[in-house]
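>
Chains as they are written, first to last, in this note's numbering: chain A, 1 to 185; chain B, 1001 to 1055.
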């Protein structure tokens, strides 16, 4: 059971109460929110931006260079905040951001980074391989102000044989970035 | 010759590690058609090459 406050389309706000200690908010169109039983600020999921995008075409890079990863295909973009391989959320808060690249080259070394507002914010795994392929991953939680702050994915790679054999590889969506709001400001 | 290769031709002591994310020289490309450029140079021993040296 619960105490319920309802915004009706006929009588305005109505309420029913019990002694369960549970509070629910109901809209006249049937949406129901149960206030979570937590200590501190309770957050209710609404239009919380989330996105996922991946690279759809191999990207040739210069050995020894850190390059913005072109993420040309969106899987989802709930608040239309992803554009031109850049995520600029419209809600202030703390965001979980994840990224991954796959680099291919002779004796390849690679590392992926998350950039905030054009600057390197966090560096992911830094790996080498005597074979042709290296995966690097990165994950972090960072604050974005909901207006101007943005994040992008950059990748570094070098190889004993330089470009054009050094590439970020798109096959299997192995270069991607995704993220979502985990807590409001 | 690429920009990292030009820099290495000036300072032969440099290795790939110097250009990596854990190094002191950041060569960047923003995938905007403007190409590779020196984003940051903080090497403790070698000064940043001039445009003339890199031309």
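Beta carbons are placed, not taken as given, at the ideal position from N, Cα and C, and that holds for glycine.
Flag this pair as yes or no: are the beta carbons of residue 175(A) and residue 101(A) separated by less than 9 Å?
As a working note, residue 175(A) is residue 175 in the first chain. As a working note, residue 101(A) is residue 101 in the first chain. A contact, by the Cβ cut-off of 9 Å.
> Which residues in chain A have a C-beta closer than 7 Å to the C-beta of residue 1027(B)? List them in chain order.
In the second chain, the residue the question calls residue 1027(B) occupies position 27. Per Cβ cutoff of 7 Å: 64, 65 and 66.
> Closer than 6 Å by C-beta to residue 98(A): which residues in its own chain qualify, once you throw out the five before and the five after it? Chain order, please.
For this step, residue 98(A) is matched to residue 98 along the first chain. Here the set comprises 139 and 178.
> Between the region 149-163 of chain A and the region 1010-1024 of chain B, do at least 3 Cβ pairs fall closer than 8 Å?
yes
> Quick check on residue 1022(B) - is its C-beta less than 9 Å from some C-beta in chain D?
This model lacks chain D altogether, as its protein chains are A and B.
> Going by DSSP, what residues sit across from residue 1034(B) in a beta bridge?
For the purposes of this step, residue 1034(B) is identified with residue 34 of the second chain, where counting begins at 1. For residue 1034(B), which the question treats as bridged, DSSP gives no partner whatsoever.
> Quick check on residue 1009(B): does DSSP put it in helix, strand or coil?
By 1-based counting over the second chain, the position of residue 1009(B) is 9. Correct three-state label for residue 1009(B): helix.
> Out of 145(A), 108(A), 22(A) and 5(A), which has the shortest C-alpha to C-alpha gap to residue 14(A)?
Residue 14(A) sits at position 14 when you count from the first residue of the first chain. Nearest of 145(A), 108(A), 22(A) and 5(A) to residue 14(A), Cα basis: 5(A).
> DSSP on residue 1046(B), reduced to helix/strand/coil?
Here residue 1046(B) corresponds to residue number 46 of the second chain, with the count starting at 1. Of the three classes helix, strand and coil, the one that applies to residue 1046(B) here is coil, per DSSP.
> In chain B, what lies closer than 7 Å to residue 57(A) by C-beta?
As a working mapping, residue 57(A) is identified with position 57 in the first chain. The contacting residues do not exist; residue 57(A) stays about 12 Å from chain B at best.
> Give the DSSP-derived three-state secondary structure of residue 1003(B) in the structure shown.
As a working mapping, residue 1003(B) is identified with position 3 in the second chain. Here residue 1003(B) sits in helix by DSSP.
> Per DSSP, what are the beta-bridge partners of residue 187(A) in this structure?
Since the first residue shown for chain A is 1 and the last is 185, residue 187(A) is missing from the structure and cannot be characterised.
> If you draw a straight line from the C-alpha of residue 168(A) to the C-alpha of residue 22(A), how long is it?
Position 168 of the first chain holds residue 168(A). Position 22 of the first chain holds residue 22(A). Their backbone Cα atoms lie some 52 Å apart in a straight line.
> How far does the beta strand (DSSP E) with residue 1018(B) in it reach, from first residue to last?
Counting from 1 along the second chain, the entry for residue 1018(B) is found at position 18. Looking at the DSSP string, residue 1018(B) is not in any beta strand (DSSP E); the run it does join, the alpha helix (DSSP H), is 1016-1019.
> Got a sec, what are the start and stop residues for the beta strand (DSSP E) residue 1054(B) sits in?
Here the question's residue 1054(B) lines up with position 54 in the second chain. Element bounds for residue 1054(B): not the beta strand (DSSP E) but the alpha helix (DSSP H), 1051-1054.
> Considering just the uninterrupted stretch of the beta strand (DSSP E) at residue 67(A), what are its terminal residues?
In the first chain, counting from the first residue as 1, residue 67(A) sits at position 67. 65-68 is the extent of the beta strand (DSSP E) around residue 67(A).
> So that I know if they touch, is there some Cβ in chain B lying closer than 9 Å to that of residue 54(A)?
As a first step, residue 54(A) is located in the first chain; it is residue number 54 there, counting from the start. Not an interface residue.
> Between the region 46-61 of chain A and the region 73-89 of chain A, do at least 3 Cβ pairs fall closer than 8 Å?
yes
> Give me, in chain order, the residues of the same chain whose beta-carbon lies closer than 7 Å to that of residue 73(A); leave out the 5 immediate sequence neighbours on both sides.
Locating residue 73(A) in the first chain gives position 73, where the first residue counts as 1. Within the same chain, residue 73(A) has close Cβ partners 53, 54 and 56.
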